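Numbering (the numbering used here), first residue to last: 165 to 326.
By construction, the Cβ of each residue, glycine as well, lies at the ideal position given by its N, Cα and C atoms.
Note that the structure is a prediction, hence the values are computed from the model and not measured.
Notes follow once the structure below has been shown.
Laid out in structure tokens, this is it:
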């Protein structure tokens, strides 16, 4: 290989390294921004207190907890609907089992589905038999452990904190 060819190869290698570093930095910045854009609130329900991510946009509701590798014992997600109705829940891209708790506009539990495990396609869709405004997804076993059942009222605000 002559000197000119070696110089071209070195330049290509340098550019590949620079582009790789820039892509890595870009991904890290994107991940931090995504984390900063999440809204959280505290939910007191039954005998438990949970720090939950608020899903109040079409995008956050569609993504849900999908893709999470784990869910801490006092973590979860609160889905906020724009009006009362059937709020269907499915386990797309889920990796962990959960309890699904539907609440009405007054934050009273109207239905509970315990120990729902991730499934294969086609995904089962879970519904509430009565209209709901909110859905709370918590780690499997939370409903039993914290006495969360129909009639129990939760306390939370949907404004949350970033």
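Which residue's Cα is closest to the Cα of residue i: the options?
i: residue 217; options: 281, 229, 259; result: 229
i: residue 269; options: 187, 297, 243; result: 297
i: residue 219; options: 243, 184, 177, 248; result: 243
i: residue 207; options: 308, 309, 301, 305; result: 301
i: residue 211; options: 185, 320, 322, 310; result: 310
i: residue 226; options: 241, 182, 173, 181; result: 241
Once you ignore the five residues that flank residue i on each side, which residues in its own chain have a CB closer than 8 Å to its CB?
i: residue 273; result: 209, 265, 266, 267, 312, 313, 314, 315, 316, 317, 318
i: residue 287; result: 254, 255, 256
i: residue 276; result: 263, 264, 265, 266, 307, 312, 313, 314
Which class does residue i belong to by DSSP, given the choice of helix, strand or coil?
i: residue 322; result: coil
i: residue 168; result: helix
i: residue 225; result: helix
i: residue 188; result: helix
i: residue 251; result: coil
i: residue 179; result: helix
i: residue 301; result: strand
i: residue 219; result: strand
i: residue 294; result: coil
i: residue 234; result: coil
i: residue 260; result: coil
i: residue 269; result: coil
Return the chain-ordered list of same chain residues with a C-beta closer than 7 Å to the C-beta of residue i, the five sequence neighbours on each side being excluded.
i: residue 249; result: 295
i: residue 258; result: 229, 230, 282
i: residue 322; result: 205, 218, 220, 244
i: residue 293; result: 275
Roughly how far, in whole angstroms, is the beta-carbon of residue i from the beta-carbon of residue j, given that I think they are within contact range, below 8 Å?
i: residue 304; j: residue 261; result: 4 Å
i: residue 278; j: residue 239; result: Their Cβ separation, rounded to whole angstroms, is 17 Å, which puts residue 278 and residue 239 out of contact at 8 Å.
Once you ignore the five residues that flank residue i on each side, which residues in its own chain have a CB closer than 6 Å to its CB?
i: residue 202; result: 217
i: residue 195; result: With a pLDDT of only 48 at residue 195, under the threshold of 50, the placement of this residue in the model should not be trusted; the figure read from the coordinates follows. So the list is empty, once near-sequence residues are dropped.
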